[in-house]
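Student: In this note's numbering, the protein residues as written are 16 to 265. Yeah, the Cβ is synthetic: ideal placement off N, Cα and C, and Gly gets one too.
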Amino acid sequence: MILAAGASVVGLVVMQFTTFTSEKVSTQIWIAGVAAILNSQYRERPLFRIRLPAWPVLGFNCLIVLWLFLFATAVGYTIRGDREFRREREEIKKVLAYQKIIDNPEQYSPQAREFVRREGVYDRIKVQNRFNWLTGRILPTMFFDANMRHISCHQFAGLAMSLKDYDAAVAFAGEALYLHPNDQTNLRYLAELAFLRNDYRQARRYLERGVNTFGFTPHSPYFCQRLLSLDRYEGRYVEAGSIEDGMNRN
Numbered sequence: 016m017i018l019a020a021g022a023s024v025v026g027l028v029v030m031q032f033t034t035f036t037s038e039k040v041s042t043q044i045w046i047a048g049v050a051a052i053l054n055s056q057y058r059e060r061p062l063f064r065i066r067l068p069a070w071p072v073l074g075f076n077c078l079i080v081l082w083l084f085l086f087a088t089a090v091g092y093t094i095r096g097d098r099e100f101r102r103e104r105e106e107i108k109k110v111l112a113y114q115k116i117i118d119n120p121e122q123y124s125p126q127a128r129e130f131v132r133r134e135g136v137y138d139r140i141k142v143q144n145r146f147n148w149l150t151g152r153i154l155p156t157m158f159f160d161a162n163m164r165h166i167s168c169h170q171f172a173g174l175a176m177s178l179k180d181y182d183a184a185v186a187f188a189g190e191a192l193y194l195h196p197n198d199q200t201n202l203r204y205l206a207e208l209a210f211l212r213n214d215y216r217q218a219r220r221y222l223e224r225g226v227n228t229f230g231f232t233p234h235s236p237y238f239c240q241r242l243l244s245l246d247r248y249e250g251r252y253v254e255a256g257s258i259e260d261g262m263n264r265n
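1) Name the residue from SER177, THR228, MET262, GLY225 whose alpha carbon lies nearest to the alpha carbon of GLN143.
2) In the DSSP assignment, find the alpha helix (DSSP H) that holds GLY225 and state where it starts and stops.
3) What does the alpha-carbon distance come out to for the pair ARG203 and GLN170?
4) Just curious, the alpha helix (DSSP H) that ASN162 is in, first and last residue?
5) Could you have a look at TYR123 and say whether DSSP puts it in helix, strand or coil?
6) Whose C-alpha, out of ARG164, ILE116, ALA127, is nearest the C-alpha of TYR193?
7) Using three-state DSSP, classify PHE158 as helix, strand or coil.
8) Start and end of the alpha helix (DSSP H) containing LEU192?
9) Secondary structure at ASN4, three-state DSSP: helix, strand or coil?
10) Buried or exposed: where does ASN197 fall if 16 or more other Cβ atoms within 10 Å of its Cβ makes it buried?
11) Would ARG241 and LEU211 qualify as a contact pair, given that the criterion is a beta-carbon distance under 8 Å?
12) With DSSP as the reference, label ASN265 as helix, strand or coil.
13) Just to confirm the assignment, what range does the alpha helix (DSSP H) spanning ARG241 have?
14) DSSP three-state call for THR88: helix, strand or coil?
Structure, rendered in structure tokens:
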């Protein structure tokens, strides 16, 4: 049974690079139990036996039990992290509603503006602290479920951009891009954030990466257009002409 459970753990480790949900844990444990029953030699005579001392068998079984315990701990932290991200979304949505009033005060009543002035600052600071907590304490403990981690970072990068919390946006977008190198939205966020910092060299890296990855397609012209503008701004007219030719061909 322990050996079958160990094989189950290996299966889960592989699965986490594709998709992973907590339901699959129970499914995999069930499979481990079935494997243990099917491989039982209770009424069968084995083809051959290899005599081993008791201590390596005991040591191996102890290692598997220890690995199962550590694995369960890692899964628990991952599920906890997913729950924390879900919970924080609701708080952030409330602050986003405040942000709309701040950005468009003429569309709201004096009472609404006064309420946001009174309560919004505190809630905004609280959300910023939660962003820091999520990026600094929660994300590093989510060892499994790369898919869900990417989705959470992708969504929270957009929320941080909406709240103009650019430090958090860089952290979430960077993690999302690391997990999914073809994440066009977060690559664009990182380029925009580099421009906001006047870091044109870094912005160029992101834009060139976008052009190399997505080409000159008119369906996602952001990288081409921004790189073209940057080349012209920096006097790189040959490079700008090359980009313009590529855009015209498509």
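Tutor: For this structure:
1) SER177
2) 215-229
3) 14 Å
4) 161-177
5) coil
6) ARG164
7) coil
8) 181-194
9) This structure does not reach residue 4, given that the chain is present from 16 up to 265, and the question cannot be answered.
10) exposed
11) no
12) coil
13) 237-248
14) helix
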